[in-house]
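Below is one structure, written out as structure tokens; the observations come after it.
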Amino acid sequence: MAKSPQAMNFDRCRELAESHWRVPLEAKMQQLIERASRQFAHEFTTPELHFNQRGTCAGSARLNTQEMRLNPVLLEAQPDCFVSDIMPHELAHLLVHQYYGRVPPHGAQWQHMMAEVFGVKPARTHRLDVTDVQGQTFAYECGCQRHSLTIRRHNKIERGATYRCRKCGEALARAA
């Protein structure tokens, strides 16, 4: 079975991330870990770095396995943001988990790690352009506006789920 253009682009971007971005990202990660180790007087372990995050999510942190997943397609398009914001964001989750255990994901400990230790403004979400990685959307409407739903939500509606507008409370219906 032939790969889709999106899958081929993902594979190409992942190869580029491995060959071009792994070393600088791991160097920055090590620098931040050393800074946190000094600040907390604690020896942090270095998480594994993978370039296998898909979709509109720039990155994710797997706390129990101490893995960081970065999106290679978004990384290729906007690498500076990954070095300065995305990688520190995910690393902060992992180091906070190593030191404090289970705490709120963007709580006081994470915010302290971001701002005071890493010197990065804490932000829950990224502002990257995701138009190249967005999937197909489906038009739905309610009494007050039009909505674009992802294929996942569209399929759930097809199987009987109901979604309501946050503004007017009316159930969403497929637009004509």
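Residue numbers (the UniProt record's numbering): 1 to 176.
Even glycine gets a Cβ: it sits at the ideal position worked out from N, Cα and C.
None of these values were measured; they are calculated from a predicted model.
Pairwise C-alpha distance: residue j and residue i
i      : j      : result
HIS154 : LYS167 : 19 Å
ARG69  : THR137 : 25 Å
GLN98  : TRP110 : 12 Å
PHE44  : ASN9   : 35 Å
PRO24  : GLN78  : 14 Å
ARG62  : SER19  : 23 Å
GLY101 : ALA176 : 50 Å
PHE82  : HIS126 : 10 Å
HIS42  : ARG35  : 10 Å
GLU67  : ARG12  : 22 Å
Close-in-space but distant-in-sequence residues of the same chain around residue i (CB under 6 Å, 5 per side omitted)
i      : result
CYS165 : CYS142
LEU74  : ALA58 and LEU128
THR162 : ALA171
GLN39  : VAL117
ARG14  : PHE51 and PRO72
Closest by C-alpha distance to residue i, when choosing among the options
i     : options                         : result
ILE33 : PRO72, LEU95 and GLU67          : LEU95
LYS28 : ARG102, CYS13, ARG174 and LEU49 : LEU49
SER60 : GLN30, THR150 and ARG124        : ARG124
SER84 : ARG14, GLY169 and GLU26         : GLU26
DSSP three-state assignment for residue i, whether helix, strand or coil
i      : result
GLU18  : helix
HIS97  : helix
PHE40  : helix
GLU90  : helix
HIS112 : helix
ALA27  : helix
ARG102 : coil
LEU74  : helix
Own chain, CB closer than 8 Å to residue i, minus 5 neighbours either side, in chain order
i     : result
LEU16 : PRO72 and GLU76
Beta-carbon proximity of residue i to residue j, cut-off 9 Å
i      : j      : result
ARG174 : ILE157 : yes
VAL120 : HIS89  : yes
LEU91  : PRO122 : no
Nonlocal neighbours in the same chain, by C-beta distance under 7 Å from residue i, ignoring five residues either side
i      : result
GLN53  : GLY59, SER60, ARG69, LEU70 and ASN71
TRP21  : LEU75 and PRO79
TYR140 : HIS147, LEU149, LEU172, ALA173, ARG174 and ALA175
CYS144 : CYS165, LYS167 and CYS168
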